[in-house]
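Asks: Mind looking over this structure? Questions follow.
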Ligand code: AMP
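Numbering (the numbering used here), first residue to last: 11 to 291.
So, in structure tokens, the structure goes:
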């Protein structure tokens, strides 16, 4: 396993591999790797000659009062993980190179970035799209692997790749959960013991929604109410949003039909957690 910090070195490595006819698979992350990342890495390893993992806690996707400073970081753990999974390259770009003083250019996405998480995190998806564009330009992957855990992020990156004519293909892989249903996330580390127990309410509410839809319920507000009831029975839970949207474009549904994404963000204590489920009817 090789560790690369510089953009130039990363680009040179990728060019050499491509000249040799090797396919490059890429998993972008913010580190503190867990089994959710593992599923992406394993797929990437299986499907490509060369597997690149990036670890970069991207400052521009955090709001001024968010957790950029305290976001969990553990280089040692991430490197053990990457070695074990036979990753070829860990790419740790530096903030200085990604955002040199005087940089001006950003990638903005249309209205899809203002829905759902974009409402409470107004700069978030511009930060995400900008860093992913830069990372693609460094790594030049044939395929990039993303998690359905961040469903809106995956759709936005797909949109950007389409609009900006990148040749990279995007594959979105299913959400990996703890045994009790909590979606794995680096932010789960913030949860105190009692909050960790309460945090299962996200997935329980999503399962209830799915059951109701399968039983014939087609009204989004009925679904949201049933979910609220489950979530708000937990003293530390505060809902940011619950929505039933079209899974292909995130447009809110008036009647539940087709490929439905039920998606939510909930604060458990001070920790903001997101989760989702898709239902096809
Ligand atoms: P992050 O390090 O949180 O920025 O996540 C890096 C990638 O891993 C993103 O594409 C996430 O959607 C994906 N990911 C994070 N958690 C999970 C999970 N529980 N299941 C599947 N993918 C995940």
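Ideal placement from N, C-alpha and C gives every residue a C-beta, glycine not left out. A quick note: this is a predicted structure, and the numbers were derived from the prediction, not measured.
Report, in whole angstroms, the separation of the C-beta atoms of residue 122 and residue 260, which I expect to be a contact under 8 angstroms.
Replies: Within the chain shown, numbered from 1, the residue matching residue 122 stands at position 112. Within the chain shown, numbered from 1, the residue matching residue 260 stands at position 250. Going by Cβ atoms, the distance from residue 122 to residue 260 rounds to 6 angstroms, so yes, they are a contact pair.
Asks: Give a single yes or no on whether residue 74 has its beta carbon closer than 8 angstroms to a heavy atom of ligand 1.
Replies: Walking along the chain shown from the start, residue 74 turns up at place 64. The answer is no for residue 74.
Asks: Check for me: the beta strand (DSSP E) holding residue 270 runs from which residue to which?
Replies: Counted from its first residue, the chain shown places residue 270 at position 260. Counting along the chain, the beta strand (DSSP E) containing residue 270 begins and ends at 269-278.
Asks: Using 8 angstroms for Cβ pairs, my map puts residue 255 next to residue 266. What's the rounded Cβ distance?
Replies: Taking the chain shown and counting its residues from 1, one reaches residue 255 at position 245. Taking the chain shown and counting its residues from 1, one reaches residue 266 at position 256. At roughly 10 angstroms, the Cβ-Cβ gap does not stay under 8 angstroms, so residue 255 and residue 266 are not in contact.
Asks: Does chain C have any CB closer than 9 angstroms to the CB of residue 96?
Replies: As a matter of chain content, chain C is missing from the structure shown, which is built from one protein chain.
Asks: Looking at residue 113 and ligand 1, is the gap between the Cβ and the nearest heavy atom below 8 angstroms?
Replies: Indexing the chain shown from 1 puts residue 113 at position 103. No, the Cβ of residue 113 stays beyond 8 angstroms of every heavy atom of ligand 1.
Asks: Would the beta-carbon of residue 186 fall within 9 angstroms of that of residue 46?
Replies: Within the chain shown, the letter at position 176 stands for residue 186. Within the chain shown, the letter at position 36 stands for residue 46. Yes, these two residues count as a Cβ contact at 9 angstroms.
Asks: Applying the criterion that 16 or more other CB atoms from any shown protein chain within 10 Å of the CB defines a buried residue, is residue 205 buried or exposed?
Replies: Residue numbering aside, residue 205 sits at position 195 when the chain shown is read from its first letter. The residue in question, residue 205, is buried, as its Cβ has 16 or more Cβ neighbours within 10 Å.
Asks: Contact between the segment 71-89 and the segment 170-185: three or more CB pairs below 8 angstroms?
Replies: With a cut-off of 8 angstroms, the segment 170-185 and the segment 71-89 do not count as touching, because too few Cβ pairs lie within range.
Asks: By DSSP, does residue 186 sit in helix, in strand, or in coil?
Replies: The residue given as residue 186 occupies position 176 in the chain shown. Of the three classes helix, strand and coil, the one that applies to residue 186 here is coil, per DSSP.
Asks: Apart from the five residues on each side of it in sequence, which residues of its chain come closer than 6 angstroms, Cβ to Cβ, to residue 192?
Replies: Looking up residue 192 in the chain shown gives position 182. Once the five neighbours on either side are set aside, the close Cβ partners of residue 192 are 209 and 210.
Asks: Hey, would you say the C-beta of residue 102 is under 8 angstroms away from at least one heavy atom of ligand 1?
Replies: The sequence position of residue 102 within the chain shown is 92, counting from 1. Because no heavy atom of ligand 1 lies under 8 angstroms away, the Cβ of residue 102 does not count as near it: no.
Asks: What's the call for residue 86, buried or exposed, on a 16-neighbour Cβ count within 10 Å?
Replies: The residue you call residue 86 lines up with position 76 of the chain shown. Counting Cβ neighbours within 10 Å, residue 86 comes out exposed, since fewer than 16 surround it.
Asks: In this structure, what does DSSP give as the bridge partners for residue 255?
Replies: The residue you call residue 255 lines up with position 245 of the chain shown. Per DSSP, 262 and 271.
Asks: Please give me, in chain order, every unbroken run of the beta strand (DSSP E) with length at least 3 that falls completely inside the segment 131-203.
Replies: As far as the segment 131-203 is concerned, its whole beta strand (DSSP E) runs of at least 3 residues are 153-157 and 179-183.
Asks: For residue 136, which residues in the same chain have their Cβ closer than 6 angstroms to its Cβ, ignoring the five residues on either side in sequence?
Replies: Stepping through the chain shown from its first residue, residue 136 is reached at position 126. Result list for residue 136: 116 and 118, in chain order.
Asks: Taking 8 angstroms as the cut-off, is the C-beta of residue 44 nearer than that to any heavy atom in ligand 1?
Replies: In the chain shown, the residue the question calls residue 44 occupies position 34. Yes, Cβ of residue 44 sits closer than 8 angstroms to a heavy atom of ligand 1.
Asks: Measure from the alpha carbon of residue 109 to the alpha carbon of each residue in 142, 55 and 175, then state which is nearest.
Replies: Start at 1 with the first residue of the chain shown, and residue 109 comes out as number 99. Considering only alpha carbons, the answer is 142.
Asks: If we count the other Cβ atoms within 10 Å of its Cβ and call it buried at 16 or more, is residue 145 buried or exposed?
Replies: Position 135 of the chain shown, counted from the start, is the residue given in the question as residue 145. The residue in question, residue 145, is buried, as its Cβ has 16 or more Cβ neighbours within 10 Å.
Asks: Kindly confirm or deny that the segment 42-61 and the segment 164-173 touch, where touching means at least three C-beta pairs closer than 8 angstroms.
Replies: Cβ pair count under 8 angstroms is below three, so no.
Asks: Excluding sequence positions up to five away, which residues of its chain have a Cβ less than 8 angstroms from the Cβ of residue 28?
Replies: Here residue 28 refers to the residue found at position 18 of the chain shown. Once the five neighbours on either side are set aside, the close Cβ partners of residue 28 are 34 and 150.
Asks: Is any heavy atom in ligand 1 found nearer than 8 angstroms to the beta carbon of residue 193?
Replies: Translated into positions along the chain shown, residue 193 becomes position 183. Yes, since a heavy atom of ligand 1 falls inside the 8 angstroms radius drawn around the Cβ of residue 193.
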